[in-house]
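Input: a single structure, listed below in C-alpha cells.
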Amino acid sequence: METTTSLVTTSPARSLAGLTRADLGLALASLDVPEREIRMRTAQLWHWIYHRGIRDFDAMANIAKPLRQKLAAHFTLARPQVVSAQLSADGTRKWLMRMPPVDARDKGAEIECVYIPEHDRGTLCVSSQVGCTLTCSFCHTGTQRLVRNLTTQDIVAQVLVARDLLGDFPGAVPPTDGLVPGEGNRAVSNIVFMGMGEPLYNFDAVRDAVDVMSDGDGLSLSRRRITVSTSGVVPEIPRLGAESGPMLAISLHATSNELRNRLVPLNKRYPIADLLQACRDYPGASNARRITFEYVMLKGINDSPAEARELVRLLKHIPAKINLIPFNPWPGAPYECSDWGTIERFSDIVFNAGYASPVRTPRGRDILAACGQLKSETEKLRARARLAIDEG
Ligand code: SAH
Ligand code: SF4
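Heads up: the sequence shown begins at 132 in this note's numbering, then just goes up one per residue.
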C-alpha cells in the first residue's frame, strides 16, 4: 500500500484527474471513506472526471457536500499546465504540456501532444516518455536522452487537456478557430501512441492508460481506436495483446536486417523475422483489425522498387496495413525525404499488392508537429532564448 502513503503524505494537493480506478480508490481510502463505499464513490468520481470532464469537486452533485469538501481540501482536479499551444494552417494543433513533478528532483517534465482533425474523426497523438532510450537514426526524439517515463496519469491527462481545449465534454463549446470534425463526431475519436518515446518500454503505465481511455463509463474510446506504435520491442508484444489489446503499429522502415540495424538499432536485439512472428501471433489481428506497418521514406536509403516488392512479400501472411511516411526533416538529420515520384512508384507497388492509400499526408508541418519532430524544436528555441538572455 505504498501508493496510499505517497498520496497522503507527499502530495496533499495531488490531482485525481488521470488516475486509474485503483488509485482513485486509494485516494478515497486515504480520506477515511469506509471500505464498503469505496467502489460506489470511485464510480461516481470516475463519471464526473472522465465522462463529464468536471474540474471542480463542487459540481459533483451526487456526492454529499462533506465528502466534496474533504476531497477539495486534499486533492485537485488540475490538468498539466499548457505551456504553449500552436495551430497549423491545416487545423493540426500542438500543445506543449508541463507534467507535475514525480519527486523532489523532477523539475516538471515537458512533452508535446498533437491533435490531427479530419472531417469524420480527430486523432490525438500522445507521448509515453519524455525523450527516448532508443536511437533510431532518422528520429529527432532519438537524439535526446530519456528524461523519464510518463505515469499513467501523465498519459491520460493529455487526453483530458485535449478534450478540455476542444470542447469535447458534454455541454462544452468547441473552439471557433481551426478545424474540428463534423457534426456527430467526437473531437477526439482516436488515440495513437506516436508522440515521444517507446510505449513498450513504459509498458505498465501505457497498459493502465489504455484501460482508463477505453473504459465505457468514462472516456469510452474503443480499443480499436487506440493504436500503440512500437519500434519492435518483441517480448512485450504478446503482453500488449494479452493484457491490453489495442491496435498495433510497427515501425518497420526497412526490409533487410542489415539496413534495419542502422535505422532502428533495436533490430540488432530483435531482428525482422522475430518481430514479424510476434505480429503473426498478436491476438485479435484479423482483416478487420489489421496491424499497421510504418515505413518512413528515406531518399536513396530504403525507397527502391525492389524494397517495395520485398515489403509486400514479407507481410504476405499478416493482416497488415502499410503506412508510408514521408520523412520529416530536422536540422542536422542525416537523411532526406524521398522524391515525390519515388514515393509514388513505391506506393503503386504496395497499392497493386492490395493495400489502399498507403501514403500518410504530413500534417502540421508548419508548426513542426509531424512524427519524429516533437519537443526538440521547443528545447532548441528555449536554448536559443537562454543564450540570447546570457549574451544580452
Ligand atoms: N517509439 C515508437 C512511437 C513513436 S514514433 C515507434 O518508434 O514506433 C512514431 C512514428 O514516427 C514511428 O513510426 C517513427 O519511426 C516515426 N518517425 C520518427 N521520426 C520520424 C521522422 N523524422 N519522419 C517521419 N517519421 C518519423
Ligand atoms: Fe524512440 Fe520511436 Fe524515435 Fe525510435 S522512432 S527513437 S523508438 S521515438
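Yeah, the Cβ is synthetic: ideal placement off N, Cα and C, and Gly gets one too.
- With a beta-carbon spacing of about 5 Å, residue 292 and residue 210 fall inside the 8 Å limit used to define contacts.
- Residue burial is scored here from C-beta neighbours: residue 228 has at least 16 other C-beta atoms within 10 angstroms and is therefore classed as buried.
- For residue 457, the enclosing beta strand (DSSP E) begins and ends at 451–457.
- For the 8 Å CB-CB criterion, residue 376 and residue 406 do not form a contact.
- Comparing alpha-carbon positions, the option among 314, 250, 212, 357 lying closest to residue 241 turns out to be 212.
- Separation of residue 317 and residue 382 (C-alpha to C-alpha, rounded to the nearest whole angstrom) is 28 Å.
- Residue environment for residue 189: exposed (fewer than 16 other C-beta atoms within 10 angstroms of its C-beta).
- Proximity annotation: the ligand SF4 has residues 263, 265, 267, 270, 272, 273, 329, 362 in chain order, each selected because its CB is closer than 5 Å to a heavy atom of the ligand.
- Residue 285 sits buried, since 16 or more C-beta atoms from the chains shown fall within 10 Å of its C-beta.
- By the C-beta density criterion, residue 349 is buried, having at least 16 other C-beta atoms within 10 angstroms.
- According to the DSSP assignment, residue 256 belongs to the beta strand (DSSP E) that extends over 253–256.
- Beta-bridge annotation (DSSP): residue 229 is paired with 212, 241.
- Note on geometry: alpha-carbon atoms of residue 296 and residue 320 lie some 14 Å from one another.
- Where residue 387 is concerned, there is no enclosing beta strand (DSSP E), because DSSP gives it neither an H nor an E.
- Rounded to whole angstroms, the separation of the alpha carbons of residue 206 and residue 146 is 6 Å.
- Where residue 191 is concerned, there is no enclosing alpha helix (DSSP H), because DSSP gives it neither an H nor an E.
- Considered as a whole, the stretch 428–498 harbours 451–457 as its complete beta strand (DSSP E) runs of no fewer than 3 residues, in chain order.
- Between residue 361 and residue 331, the beta carbon gap of about 5 Å places them in contact (Cβ cut-off 8 Å).
- Taking all protein chains in view, the Cβ of residue 308 is surrounded by fewer than 16 other Cβ atoms within 10 Å, so the residue is classified as exposed.
- With 16 or more other CB atoms across the displayed protein chains lying within 10 angstroms of its CB, residue 384 is buried.
- For the pair residue 450 and residue 409, the CB atoms are not nearer than the 8 Å cut-off.
- Bounds of any alpha helix (DSSP H) do not take in residue 318, whose DSSP letter is neither H nor E.
- The criterion of a C-beta distance shorter than 8 Å is not satisfied by residue 327 and residue 283.
- Per DSSP, reduced to three states, the secondary structure at residue 332 is helical.
- Residue pairing by DSSP places residue 359 opposite 324, 379 in a beta bridge.
- Contact check for residue 413 against residue 422 passes: the beta carbons are separated by less than 8 Å.
- For residue 201, the enclosing alpha helix (DSSP H) starts and ends at 196–205.
- Shown here for residue 339: same chain residues with a beta carbon closer than 7 Å to its own, the five before and five after excluded, namely 151, 283 in chain order.
- The stretch 454–472 and the stretch 424–438 touch, with three or more beta-carbon pairs separated by less than 8 Å.
- Contact check for residue 223 and residue 245: beta-carbon distance about 6 Å, within the 8 Å limit, so the pair qualifies.
- Taking the CA atoms as reference points, residue 432 sits about 26 Å from residue 359.
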